[in-house]
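Letter by letter, the sequence shown follows residues 1 to 148 of my numbering. Ideal placement from N, C-alpha and C gives every residue a C-beta, glycine not left out.
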Amino acid sequence: MKRRELISLFGVAGIAAFLPVALAACSSEKTETTGKTEKTTTTAPKDWQQVGTVAELDKKGQLLLEKSPAGAVLVVGTSASKTLTAVNPTCTHSGCIVGWNNKVNKFECGCHGSEFALDGKVLEGPATEPLKGYASKIEKGAVFIKAV
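Written out as structure tokens, the structure reads:
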């Protein structure tokens, strides 16, 4: 076996041995051991998250949280409306935060002019990907979202 082949073999073996450790370190799951019972919890939200109150939503017709457990969230609507719309307001083109323009009923990005429909679909580029949507609801005076 040539020296170059031997070095390549050990390099690949080293990467293969390190890969599971690296993947485990990047995992979002935590394991807690309590006595004989082992419980696994996930840090990423999988259920409904409160993002504001009905009073806040009704005051402006929208709620913006740039840092929520589910990520950035923009909820549009009022408690009187039958449906709420919730999206991740991060523009899929440049990463700027889009705003809701109630006069023309669309999301607009001030950085490069991308426009998105109420359902998050691209109306005007340069963005080519839609905004990520969330399920939303009002319950007991609070506004909740859930990643879908």
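Here's a check: name, in chain order, each residue in its chain whose Cβ is nearer than 6 Å to the Cβ of Gly94, leaving out the five neighbours to either side. The amino acid at residue 94 is misidentified as Gly; the sequence shows Ser. Counting only Cβ-Cβ distances below 6 Å, and skipping sequence neighbours, we find Cys111, His112.
ask   = Going by the CB atoms, is the gap between Gly77 and Leu57 shorter than 8 Å?
value = yes
Where Val87 and Leu74 are concerned, what is the direct C-alpha to C-alpha distance, given to the nearest angstrom?
5 Å
Counting pairs of beta carbons, one from the stretch 112-122 and one from the stretch 130-144, are three or more of them closer than 8 Å? yes
Quiz prompt | Where the alpha helix (DSSP H) through Glu66 begins and ends | solution = Run containing Glu66: none in the alpha helix (DSSP H); it sits in the beta strand (DSSP E), 62-68.
- prompt: Which residues in the same chain as Val54 place their Cβ atom closer than 8 Å to its Cβ, once the five residues preceding and following it in sequence are excluded?
  reply: Ser79, Ile138, Gly141, Ala142, Val143
Checklist entry - Got a sec, what are the start and stop residues for the beta strand (DSSP E) Ala72 sits in? => result 71-76
key: Cα-Cα separation, Ala127 to Lys59   = 30 Å
Would you list the one or two residues that DSSP bridges to Glu56?
-> The partner list for Glu56 (beta bridge, DSSP) is empty, contrary to what the question assumes.
Compute the Euclidean distance between the alpha carbons of Thr85 and Phe116, then round it to the nearest angstrom. 13 Å
- Could you check which residue in Trp48, Ser81, Thr83, Pro89 has the C-alpha nearest to that of Lys67? Pro89
* Grouping DSSP H, G and I as helix and E and B as strand, with all else coil, what is Ala80? -> coil
Take Gln50 and list the residues in its own chain whose beta-carbon comes closer than 8 Å to its own, dropping the five residues that flank it on each side. Ala142, Val143, Phe144
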